[in-house]
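Q:
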Amino acid sequence: MSWRPATPEDAPEIEAFLQAHIETSVFLLSNLRKFGATGAAQDYAMTFYITGHPVSGVVAQSTKGVVMAQWPAAGDWARPLALLPAPITGAIGDGDQIDALLRAAGLRDQPTNLNSDEVLYALTLSDLVAQDGPGTLRPLTGADRAALIPWRTDYQINILGEPEETARAKAADEIAAYIAANSHRVLEAEGVPLAMTGFNAEADDLVQVGGVYTPPAQRGRGLARRAVALHLAEARAAGKTRAILFADNPSAQNAYEAVGFAPIGRFAMIFFKQGHAPR
Numbered sequence: 001m002s003w004r005p006a007t008p009e010d011a012p013e014i015e016a017f018l019q020a021h022i023e024t025s026v027f028l029l030s031n032l033r034k035f036g037a038t039g040a041a042q043d044y045a046m047t048f049y050i051t052g053h054p055v056s057g058v059v060a061q062s063t064k065g066v067v068m069a070q071w072p073a074a075g076d077w078a079r080p081l082a083l084l085p086a087p088i089t090g091a092i093g094d095g096d097q098i099d100a101l102l103r104a105a106g107l108r109d110q111p112t113n114l115n116s117d118e119v120l121y122a123l124t125l126s127d128l129v130a131q132d133g134p135g136t137l138r139p140l141t142g143a144d145r146a147a148l149i150p151w152r153t154d155y156q157i158n159i160l161g162e163p164e165e166t167a168r169a170k171a172a173d174e175i176a177a178y179i180a181a182n183s184h185r186v187l188e189a190e191g192v193p194l195a196m197t198g199f200n201a202e203a204d205d206l207v208q209v210g211g212v213y214t215p216p217a218q219r220g221r222g223l224a225r226r227a228v229a230l231h232l233a234e235a236r237a238a239g240k241t242r243a244i245l246f247a248d249n250p251s252a253q254n255a256y257e258a259v260g261f262a263p264i265g266r267f268a269m270i271f272f273k274q275g276h277a278p279r
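Per the UniProt record's numbering, residue 1 is the first one in the sequence shown, and the count goes up by one each step.
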């Protein structure tokens, strides 16, 4: 089966294909809608490669070198890998597909900053379970930077494996982006921020939860699950009907299951210490 670079005219067909596999395609679909199918100069824009007519497989690479894929009836991964224009710095997507892609690239055993095979969860928002507890939820503002940049720095280092020397600058950029996009919320009580939650991608009636964080001094109080539940209730009121997320540690999984999420598969996030060309 042949592969080729996508053109702008392919975007509607790519979108329809990704929507049919939305649970593991939210990042791809969100990026396609934001930047188009043929890449852009902006950070994180992606160049798409496709197979089939109608489209039956998609591989894309970002300006940062991260590869994402959706190819349920996968054949020879070497074919799309041969089209990639830059070294692979990471890979994100369905757990089985990403494992097969990286094995085909000869990169499965390369050193990583993050090598996470997580449980993928889904929730129909009509089944959302409200969570009692302290605090109210509100959007982030510029005044939150002093508190939230250290939170996000800790998240970058201890969850995403970012080196300490670059984590703070990346965290500052992310908090600024969250404020600009109105994508994240802070749980606050009596003027004290307690936890943060957000949506790291959206597509039609679905939101993808991400960036959930509770500082160590506040953990064990059910604050993350309350923040997530309140934000999802807000999304439901705005017309969203579904949510997904992925988690790899038992405490987070327990919190999300309490809110109503149920496991539906696996999701992989791998970031290498340096970029590698497929072998």
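Where is the CB? At the ideal position from N, CA and C, for every residue including glycine.
Is the CB-CB distance between Ile264 and Ala122 below 8 Å?
A: Cβ atoms of Ile264 and Ala122: closer than 8 Å.
Q: DSSP three-state call for Asp132: helix, strand or coil?
A: Coil at Asp132, not helix or strand.
Q: Let's test the definition: count the other Cβ atoms within 10 Å of the Cβ of Tyr44 and tell me whether it reaches 16, buried, or not, exposed.
A: When all chains shown are included, Tyr44 counts as exposed.
Q: Find out if the Cβ-Cβ distance for the pair Gly90, Gly57 is shorter than 8 Å.
A: For Gly90 and Gly57, no; Cβs fall outside 8 Å.
Q: From what residue to what residue does the alpha helix (DSSP H) around Ser62 run?
A: No alpha helix (DSSP H) holds Ser62; the beta strand (DSSP E) holding it covers Gly57 to Ser62.
Q: On a Cα-Cα basis, can you pick out the residue from Asn115, Leu148, Phe48 and Pro193 that is closest to Ala247?
A: Selected option, being the one with the closest Cα: Asn115.
Q: Considering Glu202, what are the terminal residues of the alpha helix (DSSP H) in which it resides?
A: Per DSSP, Glu202 belongs to no alpha helix (DSSP H); it is in the beta strand (DSSP E), Val192 to Ala203.
Q: Going straight from the alpha carbon of Ile244 to that of Glu190, what length do you get?
A: In a straight line, the C-alpha of Ile244 is about 31 Å away from that of Glu190.
Q: Considering only residues of the same chain and omitting the five flanking positions on each side of Gly210, which have a CB-CB separation below 8 Å?
A: If we look at Gly210 and ignore the five residues flanking it on each side, its Cβ neighbours are Gly198, Phe199, Asn200, Ala201 and Leu245.
Q: To the nearest angstrom, how far is the alpha carbon of Ala69 from that of Val207?
A: Cα-Cα distance, rounded: 19 Å.
Q: Among the candidates Leu194, Ala195 and Ala143, whose CA atom is the shortest distance from the CA of Ala176?
A: Comparing Cα positions, the closest option is Ala143.
Q: Where Ala86 and Ala277 are concerned, what is the direct C-alpha to C-alpha distance, given to the nearest angstrom?
A: Looking at the two C-alpha atoms, the distance is approximately 7 Å.
Q: To which residues of the same chain is Ala73 closer than 7 Å at the C-beta, ignoring the five residues directly before and after it?
A: Around Ala73: Ser56.
Q: How far does the beta strand (DSSP E) with Ala268 in it extend, from its first residue to its last?
A: Segment Ala262 to His276, the beta strand (DSSP E) holding Ala268.
Q: How close, in whole Å, do the beta carbons of Thr24 and Leu120 come, if the pair is a contact with beta carbons under 8 Å?
A: Their Cβ separation, rounded to whole angstroms, is 7 Å, which keeps Thr24 and Leu120 in contact under 8 Å.
Q: Quick check on this structure: which residue in Phe35, Ile88, Pro250 and Ala255 has the alpha carbon closest to the alpha carbon of Ala6?
A: Of the candidates Phe35, Ile88, Pro250 and Ala255, the one whose C-alpha sits nearest the C-alpha of Ala6 is Phe35.
Q: Give me whichever residues DSSP pairs with Phe35 in a beta bridge.
A: Answer is none; Phe35 lacks a bridge partner.
Q: Since Ala224 and Ala255 are thought to touch, with beta carbons under 8 Å apart, how far apart are those beta carbons, to the nearest angstrom?
A: Right, their Cβ atoms sit about 5 Å apart.
Q: Between Gly260 and Leu128, how many whole angstroms is the CB-CB distance? I'm expecting something under 8 Å.
A: About 5 Å separates the two Cβ atoms, so the contact holds.
Q: Taking the continuous alpha helix (DSSP H) assigned at Val212, which residues delimit it?
A: First-last for Val212: undefined, no H or E at that position.
Q: Looking at the structure shown, is Ala189 part of a helix, part of a strand, or coil, going by DSSP?
A: In the structure shown, Ala189 sits in a strand (DSSP, three-state: E or B).
Q: Identify every run of the alpha helix (DSSP H) within the segment 38 to 100, keeping only runs that are complete inside it and at least 4 residues long; order them along the chain.
A: Within the segment 38 to 100, the complete alpha helix (DSSP H) runs of at least 4 residues are 78 to 81.
Q: Exposed or buried, Ala229, counting other C-beta atoms within 10 Å across all chains shown (16 or more means buried)?
A: Its Cβ being crowded by 16 or more others within 10 Å, Ala229 is buried.
Q: If you reduce the DSSP assignment to three classes, tell me which class His184 lands in.
A: Strand, per DSSP.
Q: Going by alpha carbons, who is nearest to Arg4 out of Glu15, Phe17 and Phe48?
A: When each option's Cα is compared against that of Arg4, the closest is Phe48.
Q: Mind reading off the beta-carbon distance from Ala100 to Leu81? Whole number of angstroms is fine, and I expect it under 8 Å.
A: About 11 Å separates the two Cβ atoms, so there is no contact after all.
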